[in-house]
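Line by line, the protein sequences give chains G and D.
Counting from 1302, one number per residue, gives the positions in the first sequence under this note's numbering.
Counting from 103, one number per residue, gives the positions in the second sequence under this note's numbering.
The beta carbon of each residue, even a glycine, is placed where N, CA and C say it ideally should be.
In this text, all values refer to a predicted model and were calculated from it rather than measured experimentally.
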Amino acid sequence: MAAEANSQEAPSRPFALLEAGLAIFMTCAAIALTYTMPELIAEGGIPAAQDFLRLSPVFFPELTFGVLSALGVVYSAIALRQLAAAGPSGEDLGTDILGRVIIVFVLSMLYPVIMPWFGYGLTTLLLVGAMTVFLGNRVWWQVLLFSAGTPVLIRFIFERLLKISLPSADIDAIDAVEEALMQFLSRLLLS
Amino acid sequence: MIDAFLQGLALLLRMDTYLYIAAGLTVGMFVGAMPGLTTTLAMAVLLPVSFKLEPMLGIPFLIGVYKGGIYGGSISAILVGIPGTGASIATTFDGPALTRMGKARKALEMALYSSVIGDFLSDVFTLGFIGLVALVVLLVGPPEVFAVIVFSLVLIASVSSESGLKGAIAACIGLGLGFIGTDAATGATRMTFGIDALSAGIPLIPLIIGVFAVPEVLEAVESRTPRFISEHIDLSKAGERLRWDEFRRSIRTILRSTAIGTGIGMVPGVGQVVAAFVGYSAAKRASKNPENFGRGELDGIAAPEAANNAVNGPTLVPLLTLGIPGDNITAILLGAFVAHGMRPGPQIFQEQGPLMYALLLTIVLANVLFIFLGYVLLKPFAKAIQLQKAYLVPIILALTFVGTLSTGIFSDIGIMIIAGICSYTLRKFNFDLAPLVIAFVLAEPIEYRLSQTMLYARGAVFRYLFVDRPIASVFLIGALIWIGYLIVRPWLRRRSELQPA
């Protein structure tokens, strides 16, 4: 318990440095938004309504980011004090953890990029397959079965049962195969 | 009110509603039982499914996930001492000890029965009480609603987060995001930075999925362990069933905890975790054998489980009558109501009375399914908590994407990913994200109510709010006193720490 409390009070130096950076960034962004808020409100709307209501559209955003700036200053002060007291041990993000998170992040970023070409089904098959392998399953037939079955099942539930259309592929051949599969499943399960 | 109630009864005569509740309960119990996954994640991912269904199917489905999830957390808490959800932390005090004593089955059954009783009684209370609250709320005007929203936001930001400062920062970020887009009162566009997609504001569905689901997926992949739990579960040593005399001894505890949970549930921002701890400590204080608590006492299971499930129903009171979600789960439920074209608030019982009562009655009746499914699925879910991450995480990731795609706007995926990465970063620095989402959904009502208040005030808004409207002034002064206390609290703590030294 004591160790836990200590680790909370004195985080590791890299972690404290990151937190101080986040606090300062947040504060600067809030101050900048407060200062520039009147320019961020587009001209237009109904000036008569604004006059009549006497509540400018700038009021609440400016107030919110003004309060956030003040809170950010306090947070930055606390984070900088923690940085000064930070020891080498304690909570740490860790390079291994960061690496794994970045891999999933990259996979997630690639997913919407390739979806317009490959469509929902094939893109999800690739994502699920990559994630399954990444998380430690290397039995090829299990990976293949699982990564092919998941998008088929999801597509069937969302498209055929819930009537939510999902992106189709630009490549006609892929689209035709997926559509034929869905029609087969619909005949099998819904007729 | 009575007419609406009777019309609501007529809406209950459809079987598909119960099928969807059963599906929701099953999904909720499964997700709740998995230590790495939360009820919030399941609700966020399944929110788009719910709004493609009719309100009488979609909303009970989500409420089933909610109820099942809060109970499901007790399964892993009892068997391996790892709470499936935060609400089950107090169950770990006695659950693993009972398992070691060969009484796992008794503990699991006690958790189920006390959860269902707590949930059922608090739902009945909610059903009887909510109509009266709705009537009272109708008598108050925009200044009072504005003041209650301000008070609730301050309370949620300070209570739900470990650090009041971080909760307040999260709430301000949520409000700031909520103001992006076209101002409903004046039609002016704000903070869109020239991006057309933002002129309608940040959409709720990708934001909710990004904030609640993506960080959990990323946290699940952080470790190289193949499963969420490494302990082996041997159900052959689960022991005998719970006997009637053992259950009867805990009835008083269950009723006490139900009352505690019901009271706590009506206060925005406090939630199941606090209710479970308060229920547990109240049971320990009232017990003739307090020394047995923590060493395998059945009352130590009954108390937190009845209390945390008793929170479920009453959280709907501020949500449905004032439009104020008390926690992240009710914020998601608010999203479901809005998606179905219903805006919870003072008028909802006037405009959609029969539907509201039908939904509340469904929630009460869902407890019958809850006890049946809970009993049948106890063993399979106890085994399922050993499922490999390699199967669970890819499915969840695929569902987060399909949930976002179901809005029909491809750019929402970008919003979901950005919200997810930012939320993951904030969670790493111990930010609670519930105030962010709650503030986001309250941004529009708070501004609209103040606009109306200023209209009534005719230029003297401070005098109007603090002198002419006593109820509003009580809430606003309460909020100011609470903020003042939060500011001086660190100094008071430091002083009290220094004194013994």
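- Within chain G, the residues F1459 and I1465 have their CB atoms less than 7 Å from the CB of S508/D, given in chain order.
- In the three-state scheme derived from DSSP, where H, G and I count as helix and E and B as strand, G1388/G is classed as strand.
- Spanning the alpha carbons of A1481/G and A1431/G requires a straight line of approximately 25 Å.
- When R116/D, L267/D and I104/D are compared, the shortest CA-CA separation from T464/D is found for R116/D.
- When Cβ-Cβ separations below 8 Å define contact, F531/D makes contact with chain G.
- In the three-state reduction of the DSSP assignment, R595/D falls in the helix class.
- The beta carbon of A179/D lies closer than 6 Å to those of P185, S190, T193, T194 and G197 in the same chain, with the five residues before and after it left out.
- Boundaries of the alpha helix (DSSP H) around R387/D: G373 to A388.
- Distance from the CA atom of M518/D to the CA atom of D401/D, rounded to whole angstroms, is 43 Å.
- For E321/D, the enclosing alpha helix (DSSP H) begins and ends at V316 to E324.
- Taking a cut-off of 8 Å for Cβ pairs, the segment 334 to 354 of chain D and the segment 198 to 211 of chain D touch, as three or more such pairs fall below it.
- Under the 8 Å criterion on CB atoms, C524/D is classed as non-interfacial with respect to chain G.
- Around the C-beta of E1479/G, 16 or more other C-beta atoms lie within 10 Å, and the residue is accordingly described as buried.
- The DSSP-derived three-state label of Q490/D is strand.
- Contact between the segment 223 to 239 of chain D and the segment 517 to 532 of chain D is not established, with fewer than three Cβ pairs separated by less than 8 Å.
- Taking the CA atoms as reference points, L594/D sits about 19 Å from A1378/G.
- In this chain, Y566/D is not harboured by any alpha helix (DSSP H), its DSSP state being neither H nor E.
- For R1401/G, the chain D residues whose C-beta falls within less than 7 Å of its own C-beta are V323 and E324, listed in chain order.
- Listed along chain D, the residues sitting closer than 8 Å to Y1412/G by beta-carbon distance are F503 and I515.
- Within chain G, V1402 and V1405 have C-beta atoms less than 7 Å from the C-beta of L320/D, given in sequence order.
- A straight line joining the alpha-carbon of N532/D with that of F1316/G spans about 12 Å.
- Distance from the CA atom of Q454/D to the CA atom of G437/D, rounded to whole angstroms, is 17 Å.
- When 9 Å is used as the limit between beta carbons, T194/D is near no residue of chain G, the shortest such separation being about 16 Å.
- Look at T284/D here: in three-state DSSP terms it is strand.
- Taken atom to atom, the span from the alpha-carbon of I304/D to that of L1323/G is near 23 Å.
- Between the beta-carbon of V250/D and that of I426/D there is about 7 Å, and that keeps the pair under the 8 Å contact cut.
- The C-beta of D285/D comes closer than 8 Å to at least one C-beta of chain G.
- Residues of chain D with a Cβ closer than 8 Å to the Cβ of T1335/G do not exist; the shortest Cβ-Cβ separation is about 10 Å.
- Taking every protein chain shown into account, the CB of E393/D has fewer than 16 other CB atoms within 10 angstroms, so this residue is exposed.
- In the assembly as shown, L306/D is a buried residue. Its beta-carbon has 16 or more other beta-carbons within 10 Å.
- One finds nothing in chain D with a Cβ atom closer than 8 Å to the Cβ of I1472/G; even the nearest lies about 17 Å away.
- With respect to the 8 Å criterion, P245/D and L567/D are classified as neighbours on the basis of their beta carbons.
- For N410/D, the enclosing alpha helix (DSSP H) begins and ends at D401 to A412.
- Here DSSP, grouped into helix, strand and coil, assigns R560/D to coil.
- When DSSP states are grouped into helix, strand and coil, S1377/G belongs to the helix group.
- Taking 8 Å as the threshold, the shortest C-beta distance from P1315/G to chain D does not fall below it.
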